[in-house]
Amino acid sequence: MRPLLVEPGLRRTGPLRLYLRSRALPGALAALVCTAAFGAGAARWLVSLPDFDHTARLPVVVFGPLLATAAIGTSLYAPCDELDRTAVRAWWPRRLVHLLAPTALAAVLFALAVPGHTEAFGPPAAVRNTLGLTGVTAGAAALVGARLSWLPPAFFVGTVYLAAPSRPEGAAQWWAWVMQPGPGTGAWTVALGAFVAGSVLYAWRGARRTTAES
Amino acid sequence: MTTSPAPPRTRRATPPGAPSPLVTELRRGLGPWTGVAVALTVLLSMYGKAPDWQSRWSDATQLLHVTAGLLAGPLTLAAGCWQGGRDRRRRTTDLWESVPRPLLRRLAVAVAPSVLWPAAGLLLADVVCLLATWPYVSEGRPFLELLAADVVAVAALGALGHVVGRLVRWRLAAPLLGVFGYVGLAIGSYTESAARWLGPASEHQSVWDRPVWWFAPVSMVWAAGLALSALLAYGLRPARLRPLALLPLAVAVAAAAPILRLPTDTGPWRPDPALARPVCDDGTPQVCLTAVDRALLPEVAAALAPLNSRLRGLPGAPVRWVSGPYGPTRPGDVELPDTGQDATRGRLTRPDLYLNSAVSWLFSTTCRPGENTGPNAERASVVHLAVSEWLAPTPADYGVDPTAAQPYIDRLRAKSPAAQRDYLARYLAAKGCDPDKVPVP
Chain B
104 MRPLLVEPGL RRTGPLRLYL RSRALPGALA ALVCTAAFGA GAARWLVSLP
154 DFDHTARLPV VVFGPLLATA AIGTSLYAPC DELDRTAVRA WWPRRLVHLL
204 APTALAAVLF ALAVPGHTEA FGPPAAVRNT LGLTGVTAGA AALVGARLSW
254 LPPAFFVGTV YLAAPSRPEG AAQWWAWVMQ PGPGTGAWTV ALGAFVAGSV
304 LYAWRGARRT TAES
Chain E
40 MTTSPAPPRT RRATPPGAPS PLVTELRRGL GPWTGVAVAL TVLLSMYGKA
90 PDWQSRWSDA TQLLHVTAGL LAGPLTLAAG CWQGGRDRRR RTTDLWESVP
140 RPLLRRLAVA VAPSVLWPAA GLLLADVVCL LATWPYVSEG RPFLELLAAD
190 VVAVAALGAL GHVVGRLVRW RLAAPLLGVF GYVGLAIGSY TESAARWLGP
240 ASEHQSVWDR PVWWFAPVSM VWAAGLALSA LLAYGLRPAR LRPLALLPLA
290 VAVAAAAPIL RLPTDTGPWR PDPALARPVC DDGTPQVCLT AVDRALLPEV
340 AAALAPLNSR LRGLPGAPVR WVSGPYGPTR PGDVELPDTG QDATRGRLTR
390 PDLYLNSAVS WLFSTTCRPG ENTGPNAERA SVVHLAVSEW LAPTPADYGV
440 DPTAAQPYID RLRAKSPAAQ RDYLARYLAA KGCDPDKVPV P
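Residue numbers (the numbering used here), protein chains in the order written: chain B, 104 to 317; chain E, 40 to 480.
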């Protein structure tokens, strides 16, 4: 008889489901969907206000993806990191899938939440901000730990939000990329750069091992 | 059997030489970083908008107020929430329960970094921005009481966040609280209800107003009362003492009542005649700015000098250029464009643009329906453009195309000074809305 390597209960649950549960991913995905739904409602409400037009959707395009990436970022926390690292299989493809799948979902949801007006704050801007902020969050997870990974992007967005000039011009399209309208090349370059760098860093290093204190 | 003597009781709770728990709490962990983050957030936002606020106390105070409410507030909420969940993450809650100190006292020490550091960071940013404004302002005072109310509001948000962090065990609690805190604080700027003056981010744009004296202290009581009530409701043990938390809540609600009775549009802001008092130079025509912009008077007079030299002594020319909330009050007064748009740090950024807007304001008339029509209407509008461009050419980067008016402009420039004065007098005398009477140069 072959030795029983896997507990019967575990076999029934399946490693994927266990993985999802250990990372609290169901909760994170639910938060993500709720955020997108709330964002869609807020965008409609903002546009419906007197004296406001479609450009009033800027807060949704900035803060919605920020919250969605916070949900993704906090789900990167590994409760038994040292145990995980003893596994035989390489972790980086799993980490990459864990990061990219919710990001794709968030990008699609936010693109649907702010339809139309691609030249201003429509689907392209929402997708760009989702990708860019996911990159920043994933990078932060690798550097400061997953549970606090929302703080660097939140600090960045908070600082840039009022400081950005109202017209897209000059250097602002680089440093205030989250505030730019959809088509700006500079903003897309920075966002995609942040996305690639953050994702690679996270896939390579994983979330920083933190003690229970942080 | 021997019994060891009981250790002598000391009055000090901590061994001599050890820092007090409060100092340790304040120095370690997220607290100092929160203070730095709040200060940096406010300072960087203010730096980005520096040309807009560095000339007037009210502009500086208003933007500091909005930045504190909208950005420092949610950041403090999130940081407080994170700090509040610390003992749970460390799994030291049981250890704390074994400490022979009442929960309320432990809570007071634990909440200190969430409250004091953001307040200190905001205070630092306020001081830096006010010092940066000081050299360029002419009149009035910074509304320090409003800034103090902001500091209290941010501290209160830190305490509320801390309590939420203790109660809610979810990794996403802190960022969620931050973003929804932002939504809650920002929603006031989208609505017109009186309730928006309860929030710490309510905005009012008028440089000639000041808040009623009681608004800032009452706002402080409102914010502090809410926070204290939450802290007491969480920290008072045994449970029969909990109703005491209703006391600060009642005080907060009582403080909210007069705020809710404020007018919805202007809220606590009332016109201040001292700030709107006209300050004039002794030129002809006189240039009058409000006391708030007194430092700009020489600059504005210099910008208008070429125009004034042409207008001086002409019949129908303005007697005074006036700016401010009251507008033209005497016959012969002509309104000046707002200097706030064109001035930065006590200087006019674009004197040529300012002169150009002054000329368009001088000749602007409101025509009734049916007027300004007829066969000569198009020619009259070209003449209007030509006169404006002759007196003050629009800067090249502002997109006005004077090609159609160029022949008239050339003719006006070619005239002798006496003929130019004669034409300008005839132009001023003509009714702008009657195309047939507009003289062709």
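Using N, Cα and C, we set each Cβ at its ideal position, and we do this for glycine too.
Within 9 Å of any Cβ in chain B, is that where the Cβ of residue i sits?
i, result
"E/S84", "yes"
"E/K476", "no"
"E/G200", "no"
"E/L392", "no"
"E/P523", "The shown model of chain E, from 40 to 480, leaves out residue 523 of chain E, and the question about it has no answer."
"E/G87", "yes"
"E/R128", "yes"
"E/A172", "Reading the sequence as shown, one finds Thr at residue 172 of chain E and not Ala. No - not a single Cβ of chain B is within 9 Å of the one on E/T172."
"E/A435", "no"
"E/A458", "no"
"E/A99", "no"
Between the options, which lies nearest to residue i when the distance is taken from Cα to Cα?
i, options, result
"E/A295", "E/Y221, E/A225, E/A234 and E/A469", "E/A234"
"E/R125", "E/T172, E/L110 and E/H201", "E/H201"
"E/V176", "E/A382, E/T63 and E/V77", "E/A382"
"E/V148", "E/G112, E/P181, E/L65 and E/L186", "E/L65"
"E/V77", "E/T115, E/L61 and E/S427", "E/T115"
"B/P227", "B/P168, B/S178 and B/R120", "B/P168"
"B/V217", "B/G144, B/T189 and B/A134", "B/G144"
"B/L265", "E/M85, E/R369 and E/G74", "E/M85"
"B/L179", "B/F141, B/A204, B/R160 and B/W278", "B/A204"
"E/P354", "E/P287, E/R465, E/D475 and E/N395", "E/R465"
"B/L236", "B/A190, B/T177 and B/F298", "B/F298"
"B/T172", "B/A306, B/A290, B/W253 and B/P196", "B/W253"
Keeping to the same chain, check which residues put their C-beta closer than 8 Å to that of residue i; ignore five residues upstream and five downstream.
i, result
"E/L283", "L271 and L275"
"E/P364", "S245, W247, P310, A315 and T329"
At a Cβ threshold of 9 Å, is residue i touching chain E?
i, result
"B/Y180", "yes"
"B/G130", "yes"
"B/G261", "yes"
"B/T233", "no"
"B/F213", "no"
"B/P205", "no"
"B/F258", "yes"
"B/T237", "no"
"B/L254", "yes"
"B/L318", "Outside the displayed span of chain B (104 to 317) sits residue 318 of chain B, for which this structure offers no information."
"B/P268", "yes"
"B/T177", "yes"
"B/R198", "no"
"B/A241", "no"
Given residue i, which residues of its chain have a CB within under 6 Å of its CB, disregarding the five upstream and five downstream residues?
i, result
"E/L392", "P434"
"E/R351", "T323"
"E/E184", "A255"
"E/T412", "none"
"E/R450", "P480"
"E/A194", "V154 and A158"
"B/L399", "Since the first and last residues shown for chain B are 104 and 317, residue 399 of chain B lies out of range."
Which residues in the same chain have their Cβ closer than 7 Å to the Cβ of residue i, if we skip the five residues on either side of it in sequence?
i, result
"E/D440", "none"
"E/D320", "V326, L336 and A340"
"E/P71", "W156"
"B/A223", "H157, T158, P284 and G285"
"E/L301", "A233, W236 and P307"
"B/G248", "A310, R311, T313 and S317"
"E/R145", "W135 and V138"
Am I right that residue i and residue j are in contact with their C-beta atoms under 8 Å? What's the rounded C-beta distance?
i, j, result
"E/W23", "E/L314", "As displayed, chain E neither begins before 40 nor continues past 480, which places residue 23 of chain E out of reach and without an answer."
"B/F213", "B/A267", "About 20 Å separates the two Cβ atoms, so there is no contact after all."
"E/G204", "E/G119", "6 Å"
"B/V165", "B/V281", "5 Å"
"E/R208", "E/R129", "Not a contact, Cβ separation roughly 13 Å."
"E/I298", "E/V257", "6 Å"
"E/P239", "E/G385", "Contact doesn't hold; Cβ gap of about 30 Å is too wide."
"E/L375", "E/A397", "6 Å"
"B/L199", "B/A306", "4 Å"
"E/A192", "E/G74", "The Cβ separation is near 16 Å, so there is no contact."
Using a C-beta to C-beta distance shorter than 8 Å, which residues of chain C count as neighbours of residue i?
i, result
"E/T80", "Here chain C cannot be found, since the structure's protein chains are B and E."
Select from the stretch 212-233 of chain E all residues with a C-beta closer than 8 Å to any C-beta belonging to chain B, and list them in chain order.
A213, P214, L215, G217, V218, Y221, V222, A225 and Y229
In chain order, what residues of the stretch 133-165 of chain E put their CB closer than 8 Å to some CB of chain B?
none
What residues from the stretch 156-172 of chain B come within 8 Å of chain E, judged by C-beta to C-beta, listed N to C?
P162, F166, L169 and L170
Looking at chain B, which residues of the stretch 340-360 of chain E have a Cβ within less than 7 Å of any of its Cβ atoms?
none
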